[in-house]
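Step one of this worksheet: look at the structure below.
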Amino acid sequence: MVFAPELVSSVEINVLTKTNTRSIRNYAYAICTPKTRRRPKERTKATTSDQSRSRMLPLSNSSSQVKDRGVHGNPKRTITAFDFKKALNFVRSHVSFHQFAWALILFLLEFCIFLAFTATTRAPSPPTAADRLSPVRRPQLQGTPPEQVSQQPLVPPHHPDDRAQCKYGRVYVYDLPPIFNKKLLENCQDLDPRRSQCAAVSNDGFGPNATTLAGTVPRELAHTWYWTDLFAGEIIFHARISTYRCRTMEPESAAAFYVPFYAGLAVSKYLFTNYTAKERDAPCQNLLRWIKGQPHWKRSNGSDHFLMLGRSSWDFRRARDGDWGTSFLLMPLMRQMFRLTIEKSLGDPLEVSVPYPSGFHPRTTSEVGQWQEFVRSRKRSSLFTFVGGKRGYIKNDFRALLLDQCYEESDSCNAVDCAKTPCLDGASSVLEAFLDSDFCLQPRGDSVTRRSTFDCMLAGSIPVFFWEGTIGGQYELYMSDQTESFSVFIHRNKVRNGTSIRKVLEGYSREDVKKMREKVIDMIPRISYAFPAAEGGLGNLKDAFDIGVEEVLRRIVKNANPYGSGPVS
Numbered sequence: 004m005v006f007a008p009e010l011v012s013s014v015e016i017n018v019l020t021k022t023n024t025r026s027i028r029n030y031a032y033a034i035c036t037p038k039t040r041r042r043p044k045e046r047t048k049a050t051t052s053d054q055s056r057s058r059m060l061p062l063s064n065s066s067s068q069v070k071d072r073g074v075h076g077n078p079k080r081t082i083t084a085f086d087f088k089k090a091l092n093f094v095r096s097h098v099s100f101h102q103f104a105w106a107l108i109l110f111l112l113e114f115c116i117f118l119a120f121t122a123t124t125r126a127p128s129p130p131t132a133a134d135r136l137s138p139v140r141r142p143q144l145q146g147t148p149p150e151q152v153s154q155q156p157l158v159p160p161h162h163p164d165d166r167a168q169c170k171y172g173r174v175y176v177y178d179l180p181p182i183f184n185k186k187l188l189e190n191c192q193d194l195d196p197r198r199s200q201c202a203a204v205s206n207d208g209f210g211p212n213a214t215t216l217a218g219t220v221p222r223e224l225a226h227t228w229y230w231t232d233l234f235a236g237e238i239i240f241h242a243r244i245s246t247y248r249c250r251t252m253e254p255e256s257a258a259a260f261y262v263p264f265y266a267g268l269a270v271s272k273y274l275f276t277n278y279t280a281k282e283r284d285a286p287c288q289n290l291l292r293w294i295k296g297q298p299h300w301k302r303s304n305g306s307d308h309f310l311m312l313g314r315s316s317w318d319f320r321r322a323r324d325g326d327w328g329t330s331f332l333l334m335p336l337m338r339q340m341f342r343l344t345i346e347k348s349l350g351d352p353l354e355v356s357v358p359y360p361s362g363f364h365p366r367t368t369s370e371v372g373q374w375q376e377f378v379r380s381r382k383r384s385s386l387f388t389f390v391g392g393k394r395g396y397i398k399n400d401f402r403a404l405l406l407d408q409c410y411e412e413s414d415s416c417n418a419v420d421c422a423k424t425p426c427l428d429g430a431s432s433v434l435e436a437f438l439d440s441d442f443c444l445q446p447r448g449d450s451v452t453r454r455s456t457f458d459c460m461l462a463g464s465i466p467v468f469f470w471e472g473t474i475g476g477q478y479e480l481y482m483s484d485q486t487e488s489f490s491v492f493i494h495r496n497k498v499r500n501g502t503s504i505r506k507v508l509e510g511y512s513r514e515d516v517k518k519m520r521e522k523v524i525d526m527i528p529r530i531s532y533a534f535p536a537a538e539g540g541l542g543n544l545k546d547a548f549d550i551g552v553e554e555v556l557r558r559i560v561k562n563a564n565p566y567g568s569g570p571v572s
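Each residue of the sequence shown is one higher than the last, beginning at 4 in the working numbering.
Below, the structure is given as structure tokens:
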């Protein structure tokens with residue numbers, strides 16, 4: 004039969020195709036199946052002679068005959084090349100080319116459907132979000148006791164005891180208009196009319212690396228020392244709180260709100276030139292005008308807000324237009340906002356003093372421990388040191404008196420005259436003087452406190468104070484309230500009346516000096532500002548930033564819940 008597609012209807016094509024496809028299948032099945040299943044007629048009718056001949060076979064040959072039979076006693080069928088030739092000849096004689104093509108297409112189509120069906124029924128479904136977050140029980144191995152099969156979470160663990168880490172709640176950090184922070188850094192050459200502040204505000208406020216200290220500090224700790232400006236605290240706090248473990252990106256869940264306004268930098272250009280009171284107050288007034296429109300400020304009138312002031316509180320407390328500074332802290336909208344500052348007003352309950360930024364900024368607890376051991380084992384050649392300069396514009400300048408006495412006791416005192424040696428521009432002489440001395444003299448600075456106090460203590464030197472306010476009431480969060488355990492106090496009037504500082508200090512035994520120095524060394528982590536680390540950082544060791552922010556949060560929560568059972572997280 005010749006198949007002509009143009010003369011046959013579609014129905015006839017279907018019938019022919021199905022018929023011939025079935026024939027091909029049946030023949031292929033017949034070839035590949037043992038002959039006992041086909042049961043051909045010539046094999047079912049065995050002759051009598053064959054049967055009798057098989058019964059007369061010797062028993063010794065029975066085993067060999069069994070080997071040639073299948074499991075059920077049927078003879079095995081081996082497929083040969085001749086069988087495949089027979090199949091091919093059968094197809095050629097019964098099926099035309101077009102019929103064969105249609106059959107092949109149908110066969111391939113059925114095969115594809117079969118594969119698709121098996122893939123959808125056997126392939127495992129992907130895990131859902133709930134599956135990924137739930138613990139997975141590992142299969143129990145043979146012989147393993149059930150209690151040894153642990154559950155392994157598929158998500159990384161959180162910080163240990165997260166509630167304890169943030170026991171006073173979380174902080175939301177405002178994203179202020181750039182004019183209040185970022186633009187000030189971009190225009191760093193205009194921050195101070197006397198000199199450029201670009202180096203001072205670089206590197207997130209930590210300043211340039213102190214490369215000139217390479218021969219003074221251990222080589223492995225050289226990267227932890229920077230030339231940090233004493234007024235860079237606002238930038239440092241902003242950098243640190245941006246990666247704070249208790250920061251939240253959701254203001255509704257925040258217990259407190261941080262305002263990253265660089266107030267000290269914003270007003271610094273107006274402090275040393277002839278600007279009007281209105282001009283000096285303008286940057287702070289602009290900030291308050293912006294923030295009072297924020298919904299979370301309106302909720303509390305600022306009582307759960309706080310900021311950091313990089314200058315002394317007195318720079319923001321101008322009572323009269325003709326006085327020094329700005330009136331920022333006396334503005335009505337500032338009556339409830341908390342503030343961190345390097346020197347607080349002792350009568351203001353909204354202020355918390357934090358250490359001046361110094362040069363040591365560790366990244367790990369190991370670096371803290373290494374530095375502590377270095378200053379503990381340091382061989383000190385001088386009894387005491389004074390780092391400072393005379394100020395001729397001040398009558399009866401006490402610093403001049405200390406410098407003169409130090410020069411007179413040159414065998415016991417190491418003097419660094421900042422009028423002759425640059426003390427703020429990368430000179431290593433300051434740190435070396437503190438490292439080489441048992442005691443360091445700390446008069447008041449331009450205000451009652453002094454950055455040099457923290458430089459001295461970081462070097463393991465014992466501070467000597469002459470004003471109670473230089474340390475008392477300011478940094479109680481960071482230092483023991485028993486100031487005599489780590490410092491010496493000599494009233495300034497006694498020095499003016501001729502008391503010898505050397506004789507007073509020589510009255511302390513070597514054992515006393517050792518105990519006092521150990522107290523100072525123990526405080527080093529608390530008075531340092533750690534460099535922001537990618538992860539880990541100082542771990543559970545709290546630095547100056549951690550302690551200050553936690554204290555503000557504690558006060559905010561206490562004010563919000565004065566009669567509660569305790570702080571909430």
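Each residue gets a CB set at the ideal place from its N, CA and C atoms; glycine is no exception.
Quick caveat: nothing in here was measured; it's all calculated off a predicted structure.
Buried or exposed (CB count within 10 angstroms, at least 16 for buried), residue i
{"i": "proline 528", "result": "buried"}
{"i": "glycine 501", "result": "exposed"}
{"i": "phenylalanine 457", "result": "buried"}
{"i": "leucine 349", "result": "exposed"}
{"i": "valine 552", "result": "buried"}
{"i": "tyrosine 478", "result": "buried"}
{"i": "methionine 482", "result": "buried"}
{"i": "glutamate 346", "result": "buried"}
{"i": "arginine 302", "result": "exposed"}
{"i": "cysteine 201", "result": "exposed"}
{"i": "alanine 269", "result": "buried"}
{"i": "glycine 218", "result": "exposed"}
Opening and closing residue of the alpha helix (DSSP H) in which residue i lies
{"i": "cysteine 416", "result": "Looking at the DSSP string, cysteine 416 is not in any alpha helix (DSSP H); the run it does join, the beta strand (DSSP E), is 416-420."}
{"i": "phenylalanine 209", "result": "Where phenylalanine 209 is concerned, there is no enclosing alpha helix (DSSP H), given that its DSSP letter is neither H nor E."}
{"i": "isoleucine 465", "result": "That residue, isoleucine 465, is in no alpha helix (DSSP H); its beta strand (DSSP E) goes 465-468."}
{"i": "cysteine 459", "result": "455-461"}
{"i": "valine 552", "result": "547-563"}
{"i": "lysine 185", "result": "185-189"}
Coil, strand or helix - residue i by DSSP
{"i": "asparagine 304", "result": "coil"}
{"i": "methionine 482", "result": "coil"}
{"i": "threonine 388", "result": "strand"}
{"i": "glutamate 370", "result": "helix"}
{"i": "methionine 340", "result": "coil"}
{"i": "glutamate 514", "result": "helix"}
{"i": "leucine 310", "result": "strand"}
{"i": "phenylalanine 442", "result": "strand"}
{"i": "tyrosine 410", "result": "helix"}
{"i": "phenylalanine 110", "result": "helix"}
{"i": "phenylalanine 331", "result": "helix"}
{"i": "phenylalanine 534", "result": "coil"}
Span of the beta strand (DSSP E) around residue i
{"i": "glutamate 354", "result": "354-356"}
{"i": "tyrosine 175", "result": "174-176"}
**Message:** Below 8 Å, how does it come out for the region 367-376 and the region 386-403: are there three or more Cβ pairs, yes or no?
**Reply:** no
**Message:** If we require 3 or more residues per run, which beta strand (DSSP E) segments fall completely within the region 221-303?
**Reply:** 259-261
**Asked** For the 8 Å Cβ check, are there 3 or more pairs between the region 553-563 and the region 336-352?
**Response** yes
**Asked** Does the region 374-386 come close enough to the region 510-529 that 3 or more CB-CB pairs lie under 8 Å?
**Response** yes
**Message:** Three or more C-beta pairs under 8 Å: does that hold for the region 263-278 against the region 173-185?
**Reply:** yes
**Prompt:** Which runs of the alpha helix (DSSP H) fall wholly inside the region 487-532 and span at least 4 residues, in chain order?
**Reply:** 495-499, 504-509 and 513-525
**Request:** Determine, using beta-carbon pairs with one atom in the region 437-448 and one in the region 464-473, whether at least three such pairs fall under 8 Å.
**Result:** yes
**Request:** Evaluate contact between the region 264-284 and the region 310-323, counting only Cβ atoms and requiring at least three cross-stretch pairs below 8 Å.
**Result:** yes
**Prompt:** Three or more beta-carbon pairs under 8 Å between the region 287-299 and the region 221-237, yes or no?
**Reply:** no
**Request:** Count the CB pairs spanning the region 359-369 and the region 385-393 that are closer than 8 Å, and state whether there are at least three.
**Result:** no
**Item:** Contact the region 321-337 vs the region 191-205: 3+ CB pairs below 8 Å
**Value:** no
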